[in-house]
Amino acid sequence: MLLSWLFFLFKRYKKQISFHITTKEFDTPYQPIVLALKPILRPILGYIKLRFIYDNGSFSKKIQLVEDEHANWFNRNLNGFYDWEITDIKEFRISSVVVYFEDFLQFFSLTVSLPTAERFYTPPQSQPLQNLEAKQRNTEIKNSRIDEIRKVEGDLFSYKKFESHDDLRRIVWKIYAKNKELVIRSPEILEPYASHLYLYVSFFSKFLNNHTEVINNAMLNFYKNKVWSIYRNLVLQNNDVRWASDQPEKSISFSVNPSKEEEIKHLIAVSEWQDNIDLLNFVQPQKAAIVVISSLTDIKQLKQLIAWHKNEINFLFVPISNQFKRQGIRSWITWFFLEQEKNKKAKNRMAWTFYPLRREILRNEKELRKILKSV
C-alpha cells in the first residue's frame with residue numbers, strides 16, 4: 001500500500017497522471033459514469049478507491065470502480081464504471097479527485113488529491129408522448145412540398161415604385177407626404193415549400209425570485225425530460241427540427257464529434273430557469289412552428305402572442321406540477337411513518353406541498369390551460 005501511494009505521489013509530482021470521466025446511456029435511477037486513471041501501481045492485498053469534489057465543494061461517496069474481468073495486478077491502468085445515484089439533469093464540474101490507497105482490512109488509508117477540470121452531464125430521458133403534429137414553416141431548399149400553402153410576409157422595409165397594376169392599399173403614404181414619391185411595400189407571397197420547423201423552448205419563469213430547490217431541481221428535471229421527449233417525437237416523424245432556446249450560449253466541448261441529438265441533449269441538460277428573455281422577446285413568429293412553455297409562463301404575454309399569431313404557431317404546455325401526484329390520506333401516513341428521511345423524492349414532494357407560491361403556480365397553470373383550450 002505504501003509503495004503504491006509513493007508511486008502515485010511521484011507521478012503526480014511529475015504531472016504524468018491522466019484522469020478522464022464520461023457518462024453513458026442509462027434507464028435506471030443511477031447514472032453510469034466511466035472512469036480512466038493512469039498510471040497506478042495496485043497495492044498488494046489492498047484497494048484503490050475514489051472520491052470526487054464537485055460543484056463548488058460537494059463531496060461524493062467514497063467509491064470503488066467495477067473493473068473489467070481481465071484487470072489484474074500488473075495493469076497500470078484503472079478503468080471501470082460506477083453507478084452514481086444522481087437525480088438532477090445538469091452538468092457537473094469536478095474540481096478534484098481524492099485517490100485512496102487502502103489495506104485489505106481497510107484499517108488504514110493513504111490519500112492523494114488530484115486536481116482536475118473534468119466535467120460530465122446527466123442527460124434527459126425520453127418519455128412516451130402522444131404523437132405531435134406540426135407543419136414546417138421555413139425553407140432553405142425547395143425540395144419538400146407541403147399540403148397547405150403558407151403565407152410568407154413581405155419585407156416592411158423593402159419598397160418599390162408604384163406601378164399601374166399594384167395594390168393601392170400598399171402605398172406608403174408617409175413617404176409620399178415627405179417627398180411626393182409613390183412607393184409600395186413588397187407584397188407577401190404564397191410559398192408551397194417548407195423544409196424544416198423551428199422548435200422554440202422557453203425556460204422563462206415569472207416566479208424566479210421566489211424559486212426554491214424543488215422548483216430549481218425536481219420540477220426543472222421534469223420539464224427537461226418532457227422537452228427532450230417532444231424533440232425526439234418530432235425527429236422520429238422525419239422532421240428537420242431546428243432548436244431554438246432562450247438560454248445564453250454555453251461553451252460545449254466533446255471528446256469526439258457529437259451528433260446533433262447529443263448536442264441538443266447537452267443543451268437541455270445545462271438549461272436553467274431564467275427571467276431575462278420573456279416569451280415576446282424570444283419567439284420569432286415568422287419562424288416558430290412549435291413553442292414549448294411551462295407552468296411558470298407569464299399569462300399576459302401568452303395571450304398577446306396568441307392574439308397575434310394563434311393560427312400560425314402550435315403551443316405545447318408542460319404543467320410541471322404533474323411531477324408530484326396528489327397525495328391522499330394513506331400516502332401522507334405512509335410518508336410520515338415509513339418513508340426514509342433520505343428519500344429525496346419524498347422530501348421534494350413535501351417541499352412542494354408546503355411551497356408558499358404553490359397555490360399561485362397552480363392558478364397560473366389552470367389559466368394557461370384555459371387560454372390554450374380556447375385557441
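Sequential numbering of the sequence shown, starting at 1, is according to the UniProt record's numbering.
Glycine residues also receive a C-beta, built at the ideal position from the N, C-alpha and C atoms.
Please list, in chain order, all residues of the same chain as residue i whose beta carbon is under 6 Å from its beta carbon, the five residues on each side excluded.
{"i": "Ile-313", "result": "Ala-288 and Val-291"}
{"i": "Tyr-200", "result": "Ala-244, Val-283, Ala-288 and Val-291"}
{"i": "Tyr-82", "result": "Ile-33, Ile-63 and Leu-65"}
{"i": "Asn-143", "result": "Caution is warranted here: a pLDDT of 40 is assigned to Asn-143, below 50, making its placement in the model unreliable, and no coordinate value can be reported."}
{"i": "Gln-127", "result": "Asn-225 and Ser-229"}
Suppose you measure from the CA of residue i to the CA of residue j; what does that come to, to the nearest Å?
{"i": "Glu-140", "j": "Met-350", "result": "Confidence is the limiting factor: at Glu-140 the pLDDT is only 42, short of 50, which leaves the residue's position unreliable and the question unanswerable from this model."}
{"i": "Lys-178", "j": "Leu-236", "result": "55 Å"}
{"i": "Asp-147", "j": "Ile-230", "result": "In this predicted model, Asp-147 has a pLDDT of only 43, less than 50, meaning its place in the structure is not dependable; the value taken from the coordinates is given anyway. Roughly 23 Å between the two C-alpha positions."}
{"i": "Leu-373", "j": "Ser-164", "result": "With the sequence shown as reference, residue 373 is identified as Lys, and Leu is not the correct amino acid for it. Their backbone Cα atoms lie some 46 Å apart in a straight line."}
{"i": "His-309", "j": "Leu-267", "result": "27 Å"}
{"i": "Leu-197", "j": "Leu-234", "result": "9 Å"}
{"i": "Asp-167", "j": "Lys-160", "result": "12 Å"}
{"i": "Lys-11", "j": "Thr-122", "result": "31 Å"}
{"i": "Glu-85", "j": "Leu-78", "result": "21 Å"}
{"i": "Gln-286", "j": "Ile-89", "result": "32 Å"}
{"i": "Phe-108", "j": "Thr-116", "result": "25 Å"}
{"i": "Lys-344", "j": "Asn-56", "result": "21 Å"}
Looking at the structure shown, is residue i part of a helix, part of a strand, or coil, going by DSSP?
{"i": "Arg-42", "result": "coil"}
{"i": "Leu-197", "result": "strand"}
{"i": "Arg-76", "result": "coil"}
{"i": "Glu-91", "result": "strand"}
{"i": "Leu-168", "result": "helix"}
{"i": "His-20", "result": "strand"}
{"i": "Ser-271", "result": "coil"}
{"i": "residue 376", "result": "The requested residue 376 is not part of the displayed model; the chain covers only 1 to 375."}
Name the DSSP beta bridge partners of residue i, please?
{"i": "Pro-32", "result": "Asp-83"}
{"i": "Val-292", "result": "Val-201 and Leu-316"}
{"i": "Glu-67", "result": "Gly-80"}
{"i": "Asp-103", "result": "Gly-46"}
{"i": "Trp-243", "result": "Leu-199"}
{"i": "Val-97", "result": "Phe-52 and Leu-114"}
{"i": "Phe-59", "result": "Ile-53"}
Starting from residue i, follow the alpha helix (DSSP H) in both directions and report where the run begins and ends.
{"i": "Tyr-13", "result": "2-13"}
{"i": "Tyr-176", "result": "173-179"}
{"i": "Tyr-231", "result": "220-236"}
{"i": "Lys-345", "result": "344-353"}
Considering residue i, what are the terminal residues of the beta strand (DSSP E) in which it resides?
{"i": "Leu-316", "result": "314-318"}
{"i": "Arg-369", "result": "Where Arg-369 is concerned, there is no enclosing beta strand (DSSP E), although the alpha helix (DSSP H) it sits in stretches over 358-373."}
{"i": "Phe-120", "result": "119-121"}
Residues in its own chain within less than 7 Å of residue i by CB, not counting five upstream and five downstream?
{"i": "Tyr-223", "result": "Ser-294, Val-318 and Ile-320"}
{"i": "Asn-216", "result": "Trp-273"}
{"i": "Leu-357", "result": "Phe-207 and Asn-210"}
{"i": "Ala-218", "result": "Gln-323 and Asn-348"}
Tell me which residues share the same chain as residue i and place their Cβ nearer than 8 Å to its Cβ, disregarding the 5 neighbours each side in the sequence.
{"i": "Tyr-54", "result": "Ser-60, Phe-92, Arg-93, Ile-94 and Ser-95"}
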